[in-house]
Amino acid sequence: MSTDPIFNPTAIAQWAQQVGIGRFMSWYWGWPITEIVHFTGLCLLFGTVALYDLRLLGVARGVALSSMQRLIPVGLAGFGLSICSGLMFVVTMPDQYLYNPAFQTKLCLMALAGINVTLFYATTARLANATPEAALPPLRARVFGAVSLLCWLGIIACGRVITLYRPSWHWCAWC
Amino acid sequence: MNASFTQLFTAIEQSSPSVWMREETDPYFVALIFHAWGMALLVGGGLVVCLAVLGLARSSALHRFAGFFVVMKIGAVFAVLSGFGLLLGYPAKALTNPVFVVKLVCLVIATLCMRWLARHAFAAAGQGLPLPPASRRVAVLALLFWWGVVAGGKLLLYTNSVLMVS
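Protein chains in written order, with our numbering: chain A, 172 to 346; chain B, 118 to 283.
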């Protein structure tokens, strides 16, 4: 195995033990509780993001996009829960996640979703939110919606694959 | 475990679809992914609709949110079909676990709550009438049971005690 110039899995796992995360996750109910929090957060996030994306794509045309914006704090709360619980998994068993291609793909898709939403708010959100309730948003907004939806479906799929697909070799693109 | 159940589970687990589901890598993975997508659409959609009933998206007429029921239905179809696939692979593991029953009961109650909201709250909102007084309570109940579905699903992996095949 080549040496990782960025991450030190042993040091990360030791830190997790020192701060108590490792002990909590070693407790019989620690991992399942964290999984419940992770998927609850994901449902809150995906519920708000996916429904907004679907509305951009023309589903439920009577719902004003501006009213769906009010659900963003719920989505952000879900994102916070998912990130915190996800970090608990990673720091407890860093080598099982950092060098797993499914996890790396998941992070790439999260980055892509982040860039997509940033560009959407920078260029199109105002125009999309001004769309009348029963109308289809402009094409540009629909493209942003489709990219976002595909990213989040991919993120969920990768999340599922991580738990089952643990290659015996360390798949490290940056090493 | 009852002997007749043991025989039934053994027969299912030795059937070729069950063996295919369990021993080939792709079908089980695909079913797991579709189950996660289905649950995220179903539960995520349910959470948003309930939050709309609780007043979190006031600038839009509530009954318009009924347009998202179709998304929840698609999620339900994904979740149920993939769930049957997963169950086919390991019937004894799931059907002998009380948490599986809890998950199904939560699913049924959450669905009934959503039907009540569709028939009463959304119908009243569509006619411009005030929401029935119980709407918010039913929405909170639905939120709790949707969360029960999530928690039950996640706990299944850690609470099973009968595994006839591996």
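Using N, Cα and C, we set each Cβ at its ideal position, and we do this for glycine too. No experiment lies behind these values; they were computed from the predicted model shown.
CB V170 of chain B to CB R236 of chain B, shorter than 8 Å? One-based indexing of the second sequence puts residue 170 of chain B at position 53. One-based indexing of the second sequence puts residue 236 of chain B at position 119. One thing to note: V170 of chain B has its Cβ no nearer than 8 Å to the Cβ of R236 of chain B.
Contact check, I177 of chain A vs N271 of chain A, beta carbons under 8 Å: Taking the first residue of the first sequence as position 1, residue 177 of chain A is located at position 6. Taking the first residue of the first sequence as position 1, residue 271 of chain A is located at position 100. No, they are not a contact pair.
Report yes if the CB atom of A183 of chain B is closer than 8 Å to the CB atom of F239 of chain B, and no otherwise. The residue labelled residue 183 of chain B in the question sits at position 66 within the second sequence. The residue labelled residue 239 of chain B in the question sits at position 122 within the second sequence. In this structure, A183 of chain B places its C-beta atom within 8 Å of the C-beta atom of F239 of chain B.
Burial state of F210 of chain A (16 or more Cβ within 10 Å): Locating residue 210 of chain A in the first sequence gives position 39, counting from the first residue. A residue is called buried when at least 16 other Cβ atoms come within 10 angstroms of its Cβ; F210 of chain A meets this threshold and is buried.
For G246 of chain A, which residues of its own chain have a beta-carbon under 7 Å away from its beta-carbon, when the five flanking residues on both sides are left out? Along the first sequence, read from residue 1 onward, the residue named residue 246 of chain A stands at position 75. For G246 of chain A, where only same-chain residues beyond five positions count, the Cβ hits under 7 Å are L215, L216, T219 and V220.
Whole-angstrom distance between R331 of chain A and L242 of chain A, CA atom to CA atom: Translated into the one-based positions of the first sequence, residue 242 of chain A becomes position 71. Translated into the one-based positions of the first sequence, residue 331 of chain A becomes position 160. In a straight line, the C-alpha of L242 of chain A is about 26 Å away from that of R331 of chain A.
8 Å is my cut-off, CB to CB: does L248 of chain B come that close to chain A? Residue 248 of chain B sits at position 131 when you count from the first residue of the second sequence. Judged by the 8 Å Cβ criterion, L248 of chain B is not in contact with chain A.
Reference W154 of chain B; option with closest CA among A:A344, A:W323, A:W345 and A:H341: Position 37 of the second sequence, counted from the start, is the residue given in the question as residue 154 of chain B. Looking only at A:A344, A:W323, A:W345 and A:H341, the smallest Cα-Cα distance to W154 of chain B is reached by A:W323.
In this structure, how does DSSP classify F178 of chain A when only helix, strand and coil are distinguished? Sequence index remark: in the first sequence, residue 178 of chain A carries index 7 (1-based). Coil, per DSSP.
Is DSSP giving S132 of chain B helix, strand or coil here? Your numbering for residue 132 of chain B matches position 15 in the second sequence. Three-state result, S132 of chain B: coil.
Out of curiosity, what's the CA-to-CA distance linking Y268 of chain A and L221 of chain B? Stepping through the first sequence from its first residue, residue 268 of chain A is reached at position 97. Stepping through the second sequence from its first residue, residue 221 of chain B is reached at position 104. One C-alpha to the other measures close to 32 Å.
So, at 6 Å on beta carbons, what are the nonlocal neighbours of G265 of chain B in its own chain, with the 5 sequence-adjacent residues on each side left out? On the second sequence, position 148 is the one that residue 265 of chain B refers to. Closer than 6 Å at Cβ, skipping near neighbours: C223.
Give me the Cα-Cα distance between G269 of chain B and Y207 of chain B, rounded to the nearest whole angstrom. Counting from one through the second sequence, the residue named residue 269 of chain B turns up at place 152. Counting from one through the second sequence, the residue named residue 207 of chain B turns up at place 90. Cα to Cα, G269 of chain B sits roughly 17 Å from Y207 of chain B.
Do L227 of chain A and P303 of chain A have their CB atoms nearer than 8 Å? By one-based count along the first sequence, residue 227 of chain A stands at place 56. By one-based count along the first sequence, residue 303 of chain A stands at place 132. With respect to P303 of chain A, L227 of chain A sits apart: the two C-beta atoms are not nearer than 8 Å.
Buried or exposed by the 16-neighbour rule on C-beta atoms within 10 Å, applied to W202 of chain A: The sequence position of residue 202 of chain A within the first sequence is 31, counting from 1. Its Cβ being crowded by 16 or more others within 10 Å, W202 of chain A is buried.
Using a C-beta to C-beta distance shorter than 7 Å, which residues of chain A count as neighbours of L164 of chain B? Position 47 of the second sequence, counting from 1, holds the residue named residue 164 of chain B. Within chain A, the residues near L164 of chain B are C214, L215 and G218.
How about the region 242 to 249 of chain B and the region 189 to 196 of chain B: do they share at least three Cβ pairs that are nearer than 8 Å? No, they do not touch.
Partners in chain A for L258 of chain B, counting only beta-carbon separations shorter than 9 Å: Along the second sequence, read from residue 1 onward, the residue named residue 258 of chain B stands at position 141. Those within 9 Å of L258 of chain B in chain A number zero; the least Cβ separation is about 17 Å.
Who are the near neighbours of P180 of chain A in its chain, counting only those whose CB is closer than 7 Å to its CB and skipping five residues on each side? Translated into positions along the first sequence, residue 180 of chain A becomes position 9. Excluding residues within five positions, the ones whose Cβ falls inside 7 Å are P265, D266 and L269.
With 16 other Cβ atoms within 10 Å as the buried cut-off, status of V190 of chain A: To locate residue 190 of chain A, count along the first sequence from 1; it is residue 19. Its Cβ having fewer than 16 others within 10 Å, V190 of chain A is exposed.
Can you list the residues of chain B that V230 of chain A reaches, using a CB-CB cut of under 8 Å? Counting from one through the first sequence, the residue named residue 230 of chain A turns up at place 59. Within 8 Å Cβ-Cβ: G184, F185, V187 and V188.
Test: I150 of chain B CB closer than 8 Å to a CB of chain E: Reference to chain E is not applicable here, since the protein chains of this structure are A and B.
Are the beta-carbon atoms of M138 of chain B and A196 of chain B separated by less than 8 Å? Residue 138 of chain B sits at position 21 when you count from the first residue of the second sequence. Residue 196 of chain B sits at position 79 when you count from the first residue of the second sequence. Contact flag unset, no.
The alpha helix (DSSP H) spanning V234 of chain A covers which residue range? Position 63 of the first sequence, counted from the start, is the residue given in the question as residue 234 of chain A. No alpha helix (DSSP H) holds V234 of chain A; DSSP gives it neither H nor E.
Reducing DSSP to helix, strand and coil, say where V190 of chain A ends up. Within the first sequence, residue 190 of chain A is the residue found at index 19, counting from 1. The three-state secondary structure of V190 of chain A, taken from DSSP, is coil.
For G161 of chain B, decide whether its Cβ has a neighbour in chain A, counting only Cβ atoms nearer than 8 Å. To locate residue 161 of chain B, count along the second sequence from 1; it is residue 44. Closer than 8 Å to some Cβ of chain A, the Cβ of G161 of chain B qualifies, so yes.
If we call anything under 8 Å between Cβ atoms a contact, is L229 of chain B one with A193 of chain B? Along the second sequence, one-based indexing puts residue 229 of chain B at 112. Along the second sequence, one-based indexing puts residue 193 of chain B at 76. No. Outside cutoff.
Inter-residue spacing [alpha-carbon to alpha-carbon] between C329 of chain A and F274 of chain A: Here the question's residue 329 of chain A lines up with position 158 in the first sequence. Here the question's residue 274 of chain A lines up with position 103 in the first sequence. So the alpha carbons of these two residues sit roughly 7 Å apart.
Within the continuous alpha helix (DSSP H) that includes L203 of chain B, where are the two ends? Walking along the second sequence from the start, residue 203 of chain B turns up at place 86. From DSSP, the alpha helix (DSSP H) with L203 of chain B extends over F186 to G206.
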